[in-house]
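Residue numbers (my numbering): 235 to 543.
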């Protein structure tokens, strides 16, 4: 569907999200699978948030950050999954220009916030292992709140730049997005003008929001590893390592596919492959995070048993 072009206005008034398949039978199978994944993600992360809020013993910086991570995960999957589930069963797969703009912005904001927030969680583990006696002094509640607020502010600010530049491009047809949600590179590939300059801006944002945080995380774990090696008892080393294993697992699940999607040249863009890979930084981390943190964490399991009576 097209509207007459005006000044600073796109020709396209809506997009068609192609999704995964045009086969109705296969779409029903996908609907059931993704519905179970979505409900499990929301319930699992919601349970972690509820347990941390209800159990006063979990009112520590580590669990405060875990609570925020769970909220980010719930927000990410809720931004994309409900609409995808509707499109799997509905005949129409359209999304308005404004809705696409909003989805791209919110998903990008939450994703970028999570990128930076993993640095905050790595810093928490660094202080806990390398400076255990000063943990509560260094990570005061005032600092924790400022770190959390700063990550959210950076995520929403840089996502606004990315979304504004992408959606200001002229889209004069076609309007079929080969994806299951309005992701920046997929939508931008439909623009009827050269996007090289915007790709360069996105690359700078990606370096600042992906490469820099990942480098800080690696630096933190190098220091943590040096400290763990110096611990004399095997039990102490295992305990210190176990406190970091969950975070390392979640960071790997998130950063590996996200780095591939956003840090490669536009010439290697592959819509079908990107749709599948995007599930590994959008859907699966939100589903696996509660499992990773609850199964390896005695405090979370203890809080759950306490709440269950």
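Cβ coordinates follow ideal geometry from the N, Cα and C atoms, glycine included.
Can you tell me whether DSSP reads residue i as helix, strand or coil?
i	result
residue 248	strand
residue 283	helix
residue 517	coil
residue 329	strand
residue 533	helix
residue 242	At residue 242 the pLDDT is 46, less than 50, meaning the model places this residue with poor confidence and gives no usable figure here.
residue 235	Summary for residue 235: the model assigns pLDDT 44, below 50, so the residue's position carries little reliability; its value from the coordinates is reported in the next sentence. Three-state DSSP puts residue 235 in coil, outside helix and strand.
In chain order, what residues of the same chain have a beta carbon less than 8 angstroms from the beta carbon of residue i, not counting five sequence neighbours either side?
i	result
residue 531	480
residue 364	457, 458, 461
residue 540	289
residue 537	285, 286, 288, 289, 291, 292
Can residue i be considered in contact with the ligand COA, in the sense that its beta carbon sits closer than 7 angstroms to one or more heavy atoms?
i	result
residue 472	In the structure on display, the ligand COA does not appear, and there are no ligands present to speak of.
Closer than 7 angstroms by C-beta to residue i: which residues in its own chain qualify, once you throw out the five before and the five after it? Chain order, please.
i	result
residue 378	295, 298
residue 370	none
For the putative contact between residue i and residue j, defined by C-beta atoms under 8 angstroms, what is the C-beta separation to the nearest angstrom?
i	j	result
residue 447	residue 350	5 angstroms
residue 268	residue 338	Actually they are not in contact, since the Cβ atoms of residue 268 and residue 338 sit about 20 angstroms apart, beyond 8 angstroms.
residue 534	residue 512	About 28 angstroms separates the two Cβ atoms, so there is no contact after all.
Determine the burial state of residue i: buried for a count of at least 16 other Cβ atoms within 10 Å of its Cβ, exposed for fewer.
i	result
residue 348	buried
residue 543	exposed
residue 315	buried
residue 391	exposed
residue 325	exposed
residue 432	buried
residue 352	buried
residue 519	buried
residue 246	buried
What does a CB cutoff of less than 6 angstroms around residue i pick up in its chain, not counting 5 residues either side in sequence?
i	result
residue 403	425
residue 328	248, 250
Checklist entry - Counting pairs of beta carbons, one from the stretch 395 to 409 and one from the stretch 476 to 493, are three or more of them closer than 8 angstroms? => result Taking 8 angstroms as the limit for Cβ pairs, the verdict is that the stretch 476 to 493 does not touch the stretch 395 to 409.
Checklist entry - Are the stretch 518 to 526 and the stretch 274 to 282 touching, with three or more C-beta to C-beta distances below 8 angstroms? => result yes
Checklist entry - Within the chosen definition, does the stretch 295 to 310 reach the stretch 277 to 287 through at least 3 CB pairs nearer than 8 angstroms? => result yes
Checklist entry - Taking contact to mean at least 3 C-beta pairs separated by less than 8 angstroms, is the stretch 352 to 371 in contact with the stretch 444 to 460? => result yes
Next on the checklist: Does the structure place the stretch 398 to 414 close enough to the stretch 248 to 259 that three or more beta carbon pairs sit under 8 angstroms?
Outcome noted: yes
Next on the checklist: Does the structure place the stretch 338 to 345 close enough to the stretch 305 to 321 that three or more beta carbon pairs sit under 8 angstroms?
Outcome noted: Output reads yes: the stretch 338 to 345 touches the stretch 305 to 321.
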